[in-house]
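Residue numbers (this note's numbering), protein chains in the order written: chain A, 1 to 221; chain B, 222 to 420.
Glycine residues also receive a C-beta, built at the ideal position from the N, C-alpha and C atoms.
The structure presented is a predicted model; accordingly, all values stated were derived computationally and were not measured.
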Ligand SMILES: [Zn+2]
Ligand SMILES: [Zn+2]
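1. Among the candidates 415/B, 248/B, 255/B, whose CA atom is the shortest distance from the CA of residue 240/B?
2. Pick from 174/A, 25/A, 126/A: whose alpha carbon is nearest that of residue 10/A?
3. Pick out the complete beta strand (DSSP E) segments inside the region 359-394 of chain B, 3 residues or longer, and give them in chain order.
4. Per DSSP, what are the beta-bridge partners of residue 285/B in this structure?
5. So with Cβ pairs under 9 Å, would you call residue 417/B a contact of chain A?
6. Could you check where the alpha helix (DSSP H) with residue 195/A kicks off and where it finishes?
7. If you measure from the CB of residue 374/B, is any heavy atom of ligand 2 nearer than 8 Å?
8. Any C-beta of chain A sitting closer than 9 Å to the C-beta of residue 256/B?
9. Within the present structure, is the beta-carbon of residue 15/A separated from the nearest heavy atom of ligand 1 by less than 8 Å?
10. Would you mind working out which of 411/B, 391/B, 242/B, 363/B sits nearest residue 352/B, comparing C-alpha positions?
11. Beta-carbon of residue 267/B versus every beta-carbon of chain A: anything under 9 Å?
12. Residues of chain A with CB closer than 8 Å to the CB of residue 319/B, please, in chain order.
13. If you reduce the DSSP assignment to three classes, tell me which class residue 309/B lands in.
14. Rounded to whole angstroms, what is the Cα-Cα separation between residue 356/B and residue 377/B?
15. Could you check what DSSP says for residue 160/A in three-state terms: helix, strand or coil?
16. Output, in sequence order along the chain, the residues in the region 226-243 of chain B whose CB is closer than 9 Å to any CB in chain A.
17. Let me make sure I understand the geometry here. Which of 235/B, 315/B, 409/B has the alpha-carbon closest to that of residue 332/B?
18. Of the residues 192/A, 19/A, 166/A, which one's Cα is nearest the Cα of residue 120/A?
19. If I'm right that residue 38/A touches residue 338/B with Cβ under 8 Å, what's the distance once you round it to whole angstroms?
20. Leaving out the 5 sequence neighbours to the left and right, which residues in its chain are closer than 7 Å to residue 103/A when beta-carbon positions are compared?
21. Going by beta carbon distance, what residues of the same chain come within less than 8 Å of residue 223/B, once the five residues before and after it are set aside?
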């Protein structure tokens with residue numbers, strides 16, 4: 001079987017900024033500071049400290065996820081009375097009002113996406129650390145999906161911003177932002193950074209080292 | 222020698238020639254590596270200029286107005302930021318300001334900054350830096366998510382008050398479509414190739 005060649009093995013580092021291949025030689029060490037010839041970005045063989053950084057950000061997001069869901073994100077006070085809304089109770093209110101498609105949308109953006117994103121990142125991290133060889137192509141696709149959908153979780157934050165803007169004079173109601181809102185916004189931003197710091201090429205490096213071992217056992221020299 | 226590598230799996234190979242409008246996908250992991258488009262500079266420049274005009278309209282005029290027994294109350298794009306700040310949510314205010322107004326504007330201006338010299342054949346100054354800004358800001362410009370937020374807010378408030386969409390809302394919707402069209406026709410690979418040629 002013809003073994004696939006990777007850029008890093010051939011002595012090329014791909015610039016993450018402009019996707020230019022830079023020849024650095026096969027002996028170049030990770031810690032060397034090399035700049036891209038085309039755009040000047042610092043080059044890395046793989047994203048620096050990818051695993052540790054992603055773990056740290058995922059953990060931080062997990063911790064903030066608790067206040068984000070437990071604390072109210074906003075309170076709509078109308079005619080002197082108002083119940084504080086958490087993310088989940090906001091969805092329930094929408095269902096109770098019969099707004100099914102909207103409830104589904106908010107449920108997906110605010111609850112499913114952040115949760116799924118954290119679990120997918122943890123799965124990818126573990127799969128790389130335990131040198132999984134299982135369906136690398138699908139895992140890479142899963143990573144791309146995780147990276148692409150994260151921003152849609154900002155939906156609830158924007159809804160709050162628009163609601164406080166619309167009902168600002170307090171004539172029909174007042175809307176108070178709760179502490180849960182900033183916790184939730186932090187979760188969204190931190191998970192976006194977490195997805196960015198994960199390097200999908202690590203998934204493939206495991207398979208590379210397999211090929212390497214195969215070759216060295218076939219012709220020991 | 223036109224070697225390229227996949228940004229998702231690091232596979233290295235010779236760049237095959239691809240037909241116009243076709244995508245080149247990585248044979249190993251399926252990532253879209255590049256797309257061949259005919260003359261993207263002129264088209265993108267027009268789209269970016271249109272987007273800047275729409276951006277101005279969307280920010281200068283009321284987005285929505287709340288009808289309270291005949292009394293109208295206008296809401297601008299920036300009003301949400303100001304109100305969040307007034308409620309002592311400075312962090313949220315800055316975040317919303319950045320992802321819904323500031324970063325999309327910087328992204329548009331950076332695109333203009335790169336496209337103008339390329340179109341007119343000027344030398345330009347530090348174009349790679351501007352191109353990198355465009356690339357970095359891409360996930361942080363969230364106007365389309367904001368638009369969805371507006372729709373959700375309208376439905377949520379429908380029982381409390383009647384909300385009338387204003388001119389800027391249509392400009393905002395058009396802006397999102399134009400920015401999406403710009404992103405779809407701007408091929409970074411092609412721009413980078415041009416940038417390395419002009420130097
Ligand atoms: Zn570069
Ligand atoms: Zn690939």
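Inspection of the coordinates gives the following:
1. Locating residue 240/B in the second chain gives position 19, counting from the first residue. Residue 255/B is the option with its Cα nearest to residue 240/B.
2. Here the question's residue 10/A lines up with position 10 in the first chain. The option with the nearest alpha carbon to residue 10/A is 25/A.
3. 383-386
4. As a position in the second chain, residue 285/B is number 64, starting the count at 1. In DSSP, residue 285/B forms a bridge with 296/B, 386/B.
5. Along the second chain, one-based indexing puts residue 417/B at 196. It does; some Cβ of chain A falls within 9 Å.
6. Residue mapping note: residue 195/A aligns to position 195 of the first chain, counting from 1. Looking at the DSSP string, the run of the alpha helix (DSSP H) that includes residue 195/A is 179-197.
7. Against the second chain, residue 374/B aligns to sequence position 153. No, the beta carbon of residue 374/B sits no closer than 8 Å to any heavy atom of ligand 2.
8. The residue labelled residue 256/B in the question sits at position 35 within the second chain. So, not an interface residue.
9. Residue mapping note: residue 15/A aligns to position 15 of the first chain, counting from 1. Closer than 8 Å to some heavy atom of ligand 1: that describes the Cβ of residue 15/A.
10. Counting from one through the second chain, the residue named residue 352/B turns up at place 131. For residue 352/B, the nearest C-alpha among the options comes from 411/B.
11. In the second chain, counting from the first residue as 1, residue 267/B sits at position 46. False, the Cβ-Cβ gap to chain A never drops below 9 Å.
12. Taking the second chain and counting its residues from 1, one reaches residue 319/B at position 98. In chain order: nothing, as chain A lies at least about 10 Å away.
13. Against the second chain, residue 309/B aligns to sequence position 88. Note: residue 309/B maps to coil in three-state DSSP.
14. For the purposes of this step, residue 356/B is taken as residue 135 along the second chain, with counting starting at 1. For the purposes of this step, residue 377/B is taken as residue 156 along the second chain, with counting starting at 1. Cα to Cα, the separation comes out at about 35 Å.
15. Indexing the first chain from 1 puts residue 160/A at position 160. Helix at residue 160/A.
16. 226, 227, 228, 229, 230, 231, 232, 233, 234
17. To locate residue 332/B, count along the second chain from 1; it is residue 111. Ranking the options by Cα distance to residue 332/B, first place goes to 409/B.
18. Locating residue 120/A in the first chain gives position 120, counting from the first residue. Nearest C-alpha to residue 120/A: 192/A.
19. Start at 1 with the first residue of the first chain, and residue 38/A comes out as number 38. Start at 1 with the first residue of the second chain, and residue 338/B comes out as number 117. That belief does not hold up - the Cβ atoms of residue 38/A and residue 338/B are roughly 16 Å apart, past 8 Å.
20. On the first chain, position 103 is the one that residue 103/A refers to. Within the same chain, residue 103/A has close Cβ partners 91, 94, 95.
21. For the purposes of this step, residue 223/B is taken as the residue at position 2 of the second chain. Answer for residue 223/B: 235, 236, listed in chain order.
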